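The next block holds one structure in the form of structure tokens; read it before the comments.
In the working numbering, the protein residues as written are 109 to 244.
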């Protein structure tokens, strides 16, 4: 028997911000950044390496290792000036336009928050998830 994971309903960023601003550490935060990764039609190889085989993406299979994501979040909290981290990852069969991930970082100043967002998204993409593009 094959059990197929269904994609999830995307979170509300407004609700995330309300929750973050109600957190006890919010008084130390001067900035929040949100990353929203979305399934695009252009293949990763074309965007990242300039390789064009003429194909288009119709969707992807997406999965993640929750323990690795938790470890990446814990590592992000150790960065200078970072007081709030929240991550949501989709799963299953996703279509073009579907949300893949949301990452929100709250911290004291812009350079710290920008660095933390870049660090965490890169770590998730390279160490925590599996993305298999389905092409037309």
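Virtual Cβ for every residue (Gly too), placed ideally from N, Cα, C. This structure is a prediction, so every number in the text was calculated from the model and none was measured.
**Report entry** contact_flag[the region 178–197, the region 153–167] where n(CB pairs < 8 angstroms) is 3 or more
**Finding:** no
Query - Distance CB(residue 203)-CB(residue 147) smaller than 8 angstroms - result: yes
Query raised in the report: Can you give the Cα-Cα distance for residue 185 and residue 170, rounded to whole angstroms?
Result: 25 angstroms
Query - residue 268 - DSSP class collapsed to helix/strand/coil - result: What the structure shows of the chain is the stretch from 109 to 244, and residue 268 is not part of that stretch, so it cannot be assessed.
Report task. Note the first and the last residue of the continuous alpha helix (DSSP H) segment covering residue 186. Result -> Looking at the DSSP string, residue 186 is not in any alpha helix (DSSP H), and its letter there is neither H nor E.
Query raised in the report: Pairing CB atoms from the region 124–141 with CB atoms from the region 209–216, are three or more of them under 8 angstroms?
Result: yes
Report task. Determine the extent of the alpha helix (DSSP H) in which residue 202 is found, giving its start and end residues. Result -> Run containing residue 202: none in the alpha helix (DSSP H); it sits in the beta strand (DSSP E), 200–203.
Query raised in the report: Under the DSSP definition of a beta bridge, which residues are partnered with residue 214?
Result: Beta-bridge partners of residue 214 (DSSP): 140, 192.
Report task. Flag this pair as yes or no: are the beta carbons of residue 236 and residue 152 separated by less than 8 angstroms? Result -> no
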